[in-house]
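Just remember that my numbering sits 346 ahead of the position in the sequence shown, which is counted from 1.
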Amino acid sequence: MSLLSKSLRELVRKRAKNRCEYCLSNQKYILGRLQIDHIHPVVKGGSNTEHNLCLACELCNQYKWTQIESLDPQSGKVVFLFNPRTQKWKEHFIWNQEGAEIIGKTDCGRATVEALSLNNKLAVIVRKNWIQAGWHPPVES
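Structure, rendered in structure tokens:
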């Protein structure tokens, strides 16, 4: 039995517009159901409140797991990962010219791209196909 109510799950989905809040994959284009992610994991003291929950695709959720911080590959500093509840995606990330890869603009963005493997081989291949279909990149980031 889930600890999260149906209404809370629906609130998270609606707020995220049925997209992964890390890589922006849309629910209608992926095979698995988007998952509810604890931004600050429960095992590290996080809560089941709406302010600690976001929508994530299976790949992002698996890579993130219990991470809350990671190394910025440019500065070498350990920084907190992107938090969809307190930060705006477009302030920390941009799409490359082709639109298939996510580029971190800030230390947080770069660390999140690496930690969540946002440009893993499968994700980039799928995004290239979405581009050909006219589905990607999202108009509103």
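Positions of the beta carbon are idealized from the N, C-alpha and C atoms, including for glycine.
task: Compare the beta carbon distance of Leu354 and Glu404 with 8 Å and say whether it is the shorter of the two.
output: As a working mapping, residue 354 is identified with position 8 in the sequence shown. As a working mapping, residue 404 is identified with position 58 in the sequence shown. No, these two residues do not count as a Cβ contact at 8 Å.
query: Ile414 lies in the beta strand (DSSP E); which residues open and close that run?
result: Indexing the sequence shown from 1 puts residue 414 at position 68. No beta strand (DSSP E) holds Ile414; DSSP gives it neither H nor E.
field: Beta-ladder partner(s) of Ile449, from DSSP
entry: Numbered from its first residue, the sequence shown carries residue 449 at position 103. According to DSSP, which records beta bridges pairwise, Ile449 is partnered with Ile440.
message: I'd like to know whether the C-beta of Gln413 is nearer than 8 Å to at least one C-beta of chain E.
response: Looking for chain E here will not work: only one protein chain is present.
message: Using the Cβ count rule (16 or more neighbours within 10 Å means buried), how would you classify Ala362?
response: Taking the sequence shown and counting its residues from 1, one reaches residue 362 at position 16. Counting Cβ neighbours within 10 Å, Ala362 comes out buried, since at least 16 surround it.
field: Any non-hydrogen atom of the ligand SAM within 7 Å of Gly480 CB
entry: The ligand SAM is not part of this structure, which contains no ligands at all.
- prompt: Between Trp476 and the rest of its own chain, which residues show a CB-CB distance below 7 Å, the 5 nearest in sequence each way excluded?
  reply: For this step, residue 476 is matched to residue 130 along the sequence shown. Hits under 7 Å: Tyr375 and His482.
message: I'd like to confirm the pairing. Which residues does DSSP put opposite Pro379 in its beta bridges?
response: Locating residue 379 in the sequence shown gives position 33, counting from the first residue. Per the sequence shown, the amino acid found at residue 379 is Arg instead of Pro. The partner list for Arg379 (beta bridge, DSSP) is empty, contrary to what the question assumes.
field: Opening and closing residue of the alpha helix (DSSP H) in which Leu370 lies
entry: Counting from one through the sequence shown, the residue named residue 370 turns up at place 24. Note, Leu370: premise wrong, no alpha helix (DSSP H); not H, not E.
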